[in-house]
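These notes concern the structure reproduced below.
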Amino acid sequence: MRKFNIRKVLDGLTAVSSSSSASSSSQQQQSGNRETDIPETLQSEHFQLCKTVRHGFPYQPSALAFDPVQKILAIGTQTGALRLFGRPGVECYCQHDSGAAVIQLQFLINEGALVSALADDTLHLWNLRQKRPAILHSLKFNRERITFCHLPFQSKWLYVGTERGNIHIVNVESFTLSGYVIMWNKAIELSSKSHPGPVVHISDNPMDEGKLLIGYESGIVVLWDLKSKKADYRYTHDEAIHSVAWHHEGKQFICSHSDGTLTIWNIKSPAKPLQTITPHGKQLKDGKKPEPCKPILKVEYKTAKAGEPFIILSGGLSYDTVGRRPCLTVMHGKSTAVLEMDYSIVDFLTLCETPYPNDFQEPYAVVVLLEKDLVLIDLAQNGYPIFENPYPLNIHESPVTCCEYFADCPVDLIPALYSVGARQKRQGYSKQEWPISGGNWGLITQSYPEIIITGHADGSIKFWDASAITLQVLYKLKTAKVFEKSRSKDDRPNTDIVDEDPYAIQIISWCPESRMLCIAGVSAHVIIYRFSKQEVTTEVIPMLEVRLLYEINDVDSPDGEQVPPLPTPGTGSNPQSIAPQSHPSTSSSSSDGLRDNVPCLKIKSSPLKQSVGYQIELVIQLVWVSGEPPQQITSLAVNSAYGLVVFGNCNGIAMVDYLQKTVLLNLGTIELYGSNDPYRREPRSPRKTRQPSGAGLCDINEGTAVPEDRCKSPTSVMTKSRKFSKMVANDIAKMSRKLSLPTELKPDLDVRDNSFSRSRSSSVTSIDKESREAISALHFCETFTRKADTSPSPCLWVGTTLGTVLVIALNLPPGGEQRLLQPVIVSPSGTILRLKGAILRMAFLDTTGSLIPPAYEPWREHNVPEDKDEKDKLKKRRPVSVSPSSSSQEISENQYAVICSEKQAKVISLPSQNCVHKQNITETSFVLRGDIVALSNSVCLACFCANGHIMTFSLPSLRPLLDVYYLPLTNMRIARTFCFTNNGQALYLVSPTEIQRITYSQETCENLQEMLGELFTPVETPEAPNRGFFKGLFGGGAQSLDREELFGESASGKASRSLAQHIPGPGGIEGVKGAASGVIGELARARIALDERGQKLGELDERTAAMLSSADSFSKHAHEMMLKYKDKKWYQF
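Count along the sequence shown from 1, then add 1364; that gives the number in our numbering.
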């Protein structure tokens, strides 16, 4: 477990806080307010940073292992990660420090330990008897490259095959090399003129542990007698070998080859194979050899008491099956089943009832590790159905483009989402229980509901239950089904602004209390959803089209684009009165042939069946204007109490009343300022040089300086003066496919990673900045709009990429029917506040320092006809803001606005608008994500900086409480997905397939050990198979071998010191000395216990050896006695 040295930050000790406290104190004197008297309970000791759990599919998997007794699965990856899976809910992530690829994993079956072999030629022994597995020993090979390892069941001697063809033997207890070595030249002797190649297989004969089967890549297999130190038999084949497997009786073995053939050999007939099979080869007439096929990469040979043996293999398809998906082939008797997979096969394992190799295997399932999935196949049922996977391994089903995290949600939310999601379950899974069932769950100390929402490239949205460090999918929403899909590329409308993934989700705005959901997509579209438990069919999808452009001195006023309010509420379902149906691009070209008034996507014209769950309330699309494409949406907010949604981009802002289906506001950013524009920008006609919409957050190099005193935002777009062309858009969109790049920084390629920004993240600090000010933050609230206000009122706070905060006043009609008949009046208030850097987040505190959540309307079912009483209640309903301290704000009470930008945070007293506290968060970097969150019955500001620091500040005084260097920003995926939430939780996408959760709460760090599941549980090892009376009598059955006698130092001598170097792991005694109390102490105790157990095992070994020696001397005396009396007759005694 990675622990962080936390720099405890005390008041006034750091340079930053001293300068900021000086500035804030002077401001406090000016304002002379009593605001500073608010007691703050959060202190630096409430904060600690640590990783909690990692969810999702292991990125770039490379190795697989299974413990058949403990029922634990291990997966290794190309980046040195190790993921362990037990029963659903028991998962563990570990990391090799070197980051080298894991090439093989071997469990010490039922011992609670695992050996990993890495591409840097190191072996590591992991202790799994503790909740956070640790390395006990490591062994680094210096002159040999490891290619294959084999650890026989219940043995402490590990066979290690190398690239040179030699085999070394490692004692897994002490992690030292034996002097016993099998050299390649001794193994093959004169059977081959050339080097046999690397060792690709090692296994002992199931019936005779003294015989070792060694497979070499070139096609030579050797049966080595360990006692006599020579080869019994050598089996030579023309084709290269990929894998070898034994029949459990030890009389036959099977090899898989590079020409797509399988050869079955009788161990006593080395001259030629007993049988050659080409599973996928076309059988030619005239007895000719079948055509060669692709290599069979792995084969397993498993037997059952009742019925034929199973031969299971991957690969081996014929070369003419172009475009065919990777396959797993199951041969059982005369039947051959070919199971197609979605991704290429990395490895597979057959799960069997017994861990003993010399018994009938009784296979019941196959675990198939694919490049991007894990599949379990049930061998016991006809048709080989797959098991339903209970792990959250499909996060990346479509690439994740954004995510949000909500802790402490309403308690009825998860059951509601689960009930609608349960209907989406696929059918046809195996009826058997999930076979990977090891380990035990941890104690659940956190009882609050947590929900993660992920947005994806195909337009889908997934809701996940993330409570108590687990993850389970609840519900999936497909936003793309509202649009017409183009069947082919030629059929695609020419209004597309991105070539691929036109439905990709960019921003999610969700109100958990009202269950209203709003999304913004990459094609400049916004969809508002309402949650319903009733299925409905929508005859015509409600839609609006908005011309949002940078245009001031045009003939049309902004009102010109507004759609008139509906004549009556009854016509709400008729889109003809909502918006012009100008979908066909032919009818929507302007006189000079430029595309005009057309949206990027075409909405379905046929009735849409909407199942239970989220149902479309309204679709809003930005349209092309005079041949120029709409710009991507950079911020979004929805409010259920007001019935409003607002969104902005680098052209301006638009507000829509989704109840009346009307556009209320459509302004360029400059028009928001009115006469108060600090930049004195001249009105101008629409710009012809626009940033290509496909490009988003292209630049992350902090070194890229711009000709201004501000540090460049990570999400800045340099606008070049060039005409937007379809070709440019195509190029960018092609580049934007690079989501699966490794995590190194690729600013030029990773446009897809970059373009899916968060709600704040298209801050356009460009050369031409005056005209390209984007809307970066939006917040609905009930507060003081102007300095002269005596009571709070509904309003919208707007933050821009130039650090400006503007306030728009909202005048809402009464509730009930009047809300649908009277218009909402929207007007800029003239209030302007300034910060350094793009605005990221805004929130409001009451006089006690408690967070004031935005007003919301509690969720109710909309698709049920209301009775008269309900209608009366609705009339009386007014949107109210819920303040923790009081339900209504008194006139004398003031509020505080908390505003966080890329560079600094300010707390502003309202209605006076005095800045009472200011904190410069970073001078040399910039904040990527800032959230105002609840923790320990208080509130704080949490920030993640591009320089890798995670910081928290108290509210309202903005005292630094935590500053930890956590991780450098290596790619835009982290910047795009990092988010904080309440109760000290945070997450980000650590790879394209995995979510990493972290905590910044001291309490959660302390409770983490209890919450984690146990991987190892004490289980009795099954009894060895019964040899039977006759086998025991006539010497049949398994032959055991005293490996200690052969491989121990006394028999084989010491190994060469320069061959391998032993490295004690942090999990050994060495790591205990400096161990602190708490979690580390717990780990230390577990390690000591394991070490003591090892010592006891050693003592047991010595006692056994002593007993053997006394038995030996007894047998010697008995033999002498027998010789003394053998010639005497019985009566002579």
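Cβ atoms here follow ideal geometry from the backbone N, Cα and C, with glycine treated the same way. Note that the coordinates shown come from a computational prediction; the quantities given were computed from them, not determined experimentally.
message: In this structure, how does DSSP classify Phe1326 when only helix, strand and coil are distinguished?
response: Lying outside 1365 to 2497, the shown extent of the chain, residue 1326 is not represented and no answer is given.
Three-state class that DSSP yields for Glu1475 in the structure shown: Here residue 1475 refers to the residue found at position 111 when the sequence shown is read from its first residue. Collapsing the DSSP output to three states places Glu1475 in coil.
query: Between Pro2389 and the rest of its own chain, which residues show a CB-CB distance below 7 Å, the 5 nearest in sequence each way excluded?
result: Along the sequence shown, one-based indexing puts residue 2389 at 1025. Cβ-Cβ distances below 7 Å link Pro2389 to Tyr1720, Asn1722, Asp1723 in the same chain, with the five nearest sequence neighbours on each side left out; the list follows chain order.
message: For Asp1431, list the residues DSSP reports as bridge partners.
response: Taking the sequence shown and counting its residues from 1, one reaches residue 1431 at position 67. DSSP links Asp1431 through a beta bridge to Ile1436.
- request: Could you tell me which residues DSSP puts in a beta bridge with Pro2192?
  value: Stepping through the sequence shown from its first residue, residue 2192 is reached at position 828. Answer by DSSP bridge pairing, in chain order: Ile2172.
- request: Return the chain-ordered list of same chain residues with a C-beta closer than 8 Å to the C-beta of Arg2198, the five sequence neighbours on each side being excluded.
  value: As a working note, residue 2198 is residue 834 in the sequence shown. Around Arg2198: Pro2042, Gly2167, Thr2168, Val2169.
- prompt: In whole angstroms, what is the alpha-carbon distance linking Pro2056 and Gln1985?
  reply: Indexing the sequence shown from 1 puts residue 2056 at position 692. Indexing the sequence shown from 1 puts residue 1985 at position 621. Reliability fails at Pro2056, whose pLDDT of 35 lies under 50, so the model's placement of it is uncertain and the value that follows must be treated cautiously. Using only the alpha carbons, I get a separation of about 18 Å.
task: State the DSSP-derived secondary structure class of Ala1884, mapped to helix, strand or coil.
output: For the purposes of this step, residue 1884 is taken as residue 520 along the sequence shown, with counting starting at 1. Of the three classes helix, strand and coil, the one that applies to Ala1884 here is strand, per DSSP.
message: Tell me which residue opens and which closes the beta strand (DSSP E) that Ser1783 is part of.
response: Your numbering for residue 1783 matches position 419 in the sequence shown. DSSP places Ser1783 outside any beta strand (DSSP E); the residue lies instead in the alpha helix (DSSP H), whose first and last residues are 1777-1785.
task: State the Cα-Cα distance for the pair Leu1913 and Asp1742, rounded to the nearest angstrom.
output: The count along the sequence shown starts at 1 and reaches residue 1913 at position 549. The count along the sequence shown starts at 1 and reaches residue 1742 at position 378. A straight-line Cα-Cα distance of about 58 Å links Leu1913 and Asp1742.
message: Under DSSP, the beta strand (DSSP E) around Leu2185 begins and ends at which residues?
response: Along the sequence shown, one-based indexing puts residue 2185 at 821. Run containing Leu2185: none in the beta strand (DSSP E); it sits in the alpha helix (DSSP H), 2181-2185.
Nearest-angstrom Cα separation, counted from Tyr1665 out to Gln1639: As a working mapping, residue 1639 is identified with position 275 in the sequence shown. As a working mapping, residue 1665 is identified with position 301 in the sequence shown. Just so you know, the alpha carbons of Gln1639 and Tyr1665 end up roughly 14 Å apart.
message: Between Gly1450, Ile1641, Thr2288, which has its C-alpha nearest Trp1805's C-alpha?
response: Walking along the sequence shown from the start, residue 1805 turns up at place 441. Proximity to Trp1805 across Gly1450, Ile1641, Thr2288 peaks at Gly1450, based on C-alpha coordinates.
task: Indicate whether Cys2264 and Gly2294 have their beta-carbon atoms separated by less than 7 Å.
output: In the sequence shown, counting from the first residue as 1, residue 2264 sits at position 900. In the sequence shown, counting from the first residue as 1, residue 2294 sits at position 930. Cβ distance < 7 Å, so Cys2264 and Gly2294 count as in contact.
task: For Gln1788, name the three-state secondary structure that DSSP assigns.
output: The residue labelled residue 1788 in the question sits at position 424 within the sequence shown. In the three-state reduction of the DSSP assignment, Gln1788 falls in the helix class, which pools H, G and I.
field: Where the beta strand (DSSP E) containing Phe1512 begins and where it ends
entry: The residue given as residue 1512 occupies position 148 in the sequence shown. Phe1512 -> beta strand (DSSP E) spans 1510-1514.
message: I believe Val1764 touches Tyr1839 by the beta-carbon criterion, under 8 Å. Please report the beta-carbon distance rounded to the nearest angstrom.
response: Counted from its first residue, the sequence shown places residue 1764 at position 400. Counted from its first residue, the sequence shown places residue 1839 at position 475. About 16 Å; that fails the 8 Å criterion.
field: DSSP beta-bridge partners of Trp1588
entry: Taking the first residue of the sequence shown as 1, we reach residue 1588 at position 224. Leu1576, Ala1595, per the DSSP bridge assignment.
query: Can you give the Cα-Cα distance for Leu1503 and Gln2425, rounded to whole angstroms?
result: To locate residue 1503, count along the sequence shown from 1; it is residue 139. To locate residue 2425, count along the sequence shown from 1; it is residue 1061. Between the C-alpha atoms of Leu1503 and Gln2425 there is a straight-line separation of about 6 Å.
- request: Report yes or no: do the segment 2145-2159 and the segment 1992-1999 share at least 3 C-beta pairs separated by less than 8 Å?
  value: Result no; under three Cβ-Cβ pairs closer than 8 Å.
- prompt: When burial is assigned at 16 or more other CB atoms within 10 Å of the CB, is Ser2420 buried or exposed?
  reply: Reading the sequence shown from its first residue, position 1056 is the one you call residue 2420. Its Cβ having fewer than 16 others within 10 Å, Ser2420 is exposed.
message: Could you tell me the alpha carbon to alpha carbon distance between Arg1689 and Ile1618, rounded to whole angstroms?
response: Position 325 of the sequence shown, counted from the start, is the residue given in the question as residue 1689. Position 254 of the sequence shown, counted from the start, is the residue given in the question as residue 1618. Distance between the alpha carbons of Arg1689 and Ile1618: 25 Å.
field: Contact between the segment 1753-1771 and the segment 1501-1517 (3+ Cβ pairs under 8 Å)
entry: Because the criterion of three Cβ pairs below 8 Å is not met, the segment 1753-1771 and the segment 1501-1517 do not touch.
For Tyr2037, three-class secondary structure by DSSP: Here residue 2037 refers to the residue found at position 673 of the sequence shown. It is helical.
query: If you run the structure through DSSP and keep just helix, strand and coil, what is Thr2149?
result: Counting from one through the sequence shown, the residue named residue 2149 turns up at place 785. Residue state for Thr2149 is assigned as coil, using DSSP reduced to three classes.
query: Rounded to the nearest angstrom, how far is the Cβ of Gly2431 from that of Asn1491, given a contact under 8 Å?
result: As a position in the sequence shown, residue 2431 is number 1067, starting the count at 1. As a position in the sequence shown, residue 1491 is number 127, starting the count at 1. Yes, Gly2431 and Asn1491 are in contact; Cβ-Cβ is about 5 Å, under 8 Å.
- prompt: Roughly how far, in whole angstroms, is the beta-carbon of Leu2204 from the beta-carbon of Val2262, given that I think they are within contact range, below 8 Å?
  reply: Position 840 of the sequence shown, counted from the start, is the residue given in the question as residue 2204. Position 898 of the sequence shown, counted from the start, is the residue given in the question as residue 2262. Wrong, their Cβ atoms sit about 11 Å apart, outside the cutoff.
- request: Starting from the Cα of Ala1319, find the closest Cα among Cys1766, Val1900, Glu1877 and give me that residue.
  value: Lying before the first or after the last residue shown, residue 1319 is absent from the chain, which here runs from 1365 to 2497.
Residue of Trp1588, Val1910, Ile1808, Tyr2006 minimising C-alpha distance to Asn2371: The residue labelled residue 2371 in the question sits at position 1007 within the sequence shown. Out of Trp1588, Val1910, Ile1808, Tyr2006, Ile1808 has the C-alpha closest to the C-alpha of Asn2371.
- request: Reducing DSSP to helix, strand and coil, say where Gln1979 ends up.
  value: Your numbering for residue 1979 matches position 615 in the sequence shown. In this structure, Gln1979 counts as strand in the three-state DSSP scheme.
Ile2189, buried or exposed, once every other Cβ within 10 Å from all chains shown has been counted against 16: Working through the sequence shown from its first residue, we reach residue 2189 at position 825. Looking at its Cβ environment, which holds fewer than 16 other Cβ atoms inside 10 Å, Ile2189 is exposed.
query: Are Trp1521 and Ile1531 closer than 7 Å when you measure CB to CB?
result: Along the sequence shown, one-based indexing puts residue 1521 at 157. Along the sequence shown, one-based indexing puts residue 1531 at 167. Not closer than 7 Å, so no.
Own chain, CB closer than 7 Å to Pro1749, minus 5 neighbours either side, in chain order: Start at 1 with the first residue of the sequence shown, and residue 1749 comes out as number 385. Excluding sequence neighbours, Pro1749 sits near Asp1742, Gly1792, Tyr1793, Ser1794.
task: Just tell me which of Thr2026, Lys1415, Ala1609, Gly2429 has its CA closest to the CA of Tyr1457.
output: Taking the first residue of the sequence shown as position 1, residue 1457 is located at position 93. If you compare the alpha carbons of Thr2026, Lys1415, Ala1609, Gly2429 with that of Tyr1457, the shortest gap goes to Lys1415.
message: For Tyr1580, tell me which candidate among Glu1603, Pro1570, Asn1569 has the shortest Cα-Cα distance.
response: Here residue 1580 corresponds to residue number 216 of the sequence shown, with the count starting at 1. Of the residues Glu1603, Pro1570, Asn1569, the one whose Cα lies closest to the Cα of Tyr1580 is Glu1603.
query: Which ranges would you report for the beta strand (DSSP E) in the segment 2262-2301 if only whole runs of at least 3 residues count?
result: With a minimum length of 3 residues, the continuous beta strand (DSSP E) runs that stay inside the segment 2262-2301 are 2268-2274, 2278-2284, 2291-2299.
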